[in-house]
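Enquirer: Before we start, here is the structure in question, set down as structure tokens.
Chains as they are written, first to last, in the working numbering: chain A, -16 to 72; chain B, -16 to 72.
Have a look at this one:
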């Protein structure tokens, strides 16, 4: 389906996109302080999930998994903390 | 760090959490029709990213990558479509 020489490139672009995807959401919530439409359960599950992926990366010794999920963990945790904080307003 | 026999279990739980994380967000937006706090750019990047992960999974022949990213693609695309649709209101 994809020529074999492009498979790793596709994986790398995929990794960059899914890792950095949450940055605009962090910046939006940071700017607006509005979190009503953000699902708490989504960011609890996502934060726990990427933390476990991070541990999995350590377990299998994969630097791409460690790096991508380490960054996503920080972004997802930021959204979760702001959701909890600004929801009280 | 993690005993080796638990590494695959940690990966499986991680995969379930990050795959199903977006279901509550889909349901919330579906119910409220309110998308103001949702970042458009986040869901454009996420939807493209998981679609590329899906293609990567096909390329390397990995059923867990195909399944997890196939499900996340449907959920992320649903949020993206509702964001575009309800933002016009």
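Ideal Cβ placement from N, Cα and C applies to all residues, glycine included.
(1) Name the chain A residues whose beta carbon is nearer than 9 angstroms to that of residue 47(B)?
(2) With 16 as the cutoff for other CB atoms within 10 Å, does residue 15(B) come out buried or exposed?
(3) Considering just the uninterrupted stretch of the alpha helix (DSSP H) at residue 9(B), what are its terminal residues?
(4) How about residue 54(B): is its C-beta nearer than 8 angstroms to some C-beta of chain A?
(5) So, is the C-beta of residue 13(B) closer than 8 angstroms to a C-beta in chain A?
(6) Measure the C-alpha to C-alpha separation of residue -7(A) and residue 38(B) and round it to an integer number of angstroms.
(7) Leaving out five residues on either side along the sequence, give the residues of the same chain with a beta carbon under 7 angstroms from the beta carbon of residue 66(B).
(8) Could you check whether residue 29(B) and residue 70(A) sit closer than 8 angstroms to each other, using their CB atoms as the reference points?
(9) Which residues in the same chain as residue 48(A) place their Cβ atom closer than 8 angstroms to its Cβ, once the five residues preceding and following it in sequence are excluded?
(10) By the three-class DSSP mapping on this structure, what secondary structure does residue 71(B) have?
(11) Does residue 29(A) get closer than 8 angstroms to chain B when you measure Cβ to Cβ?
(12) Using CA coordinates, which residue listed in 50(A), 58(A) and 42(A) is at the minimum distance from residue -9(B)?
Expert: On the basis of the data shown:
(1) By one-based count along the second chain, residue 47(B) stands at place 64. Simply none; closest approach about 12 angstroms.
(2) Here residue 15(B) is taken as the residue at index 32 of the second chain, counted from 1. Exposed, since its Cβ has fewer than 16 Cβ neighbours within 10 Å.
(3) As a working mapping, residue 9(B) is identified with position 26 in the second chain. 5 to 15 is the extent of the alpha helix (DSSP H) around residue 9(B).
(4) The residue given as residue 54(B) occupies position 71 in the second chain. Residue 54(B) does not count as touching chain A.
(5) As a working note, residue 13(B) is residue 30 in the second chain. Answer no: the Cβ-Cβ gap between residue 13(B) and chain A never drops below 8 angstroms.
(6) Within the first chain, numbered from 1, the residue matching residue -7(A) stands at position 10. Within the second chain, numbered from 1, the residue matching residue 38(B) stands at position 55. Approximately 8 angstroms, taken between the alpha carbons.
(7) Position 83 of the second chain, counted from the first residue, corresponds to residue 66(B). Cβ within range, chain order: 18, 21, 23 and 26.
(8) In the first chain, counting from the first residue as 1, residue 70(A) sits at position 87. In the second chain, counting from the first residue as 1, residue 29(B) sits at position 46. Not a contact, by the Cβ cut-off of 8 angstroms.
(9) The residue given as residue 48(A) occupies position 65 in the first chain. Within the same chain, residue 48(A) has close Cβ partners 36, 37, 39 and 40.
(10) Translated into positions along the second chain, residue 71(B) becomes position 88. Here residue 71(B) sits in coil by DSSP.
(11) Position 46 of the first chain, counting from 1, holds the residue named residue 29(A). So, interface residue.
(12) One-based indexing of the second chain puts residue -9(B) at position 8. Nearest of 50(A), 58(A) and 42(A) to residue -9(B), Cα basis: 42(A).
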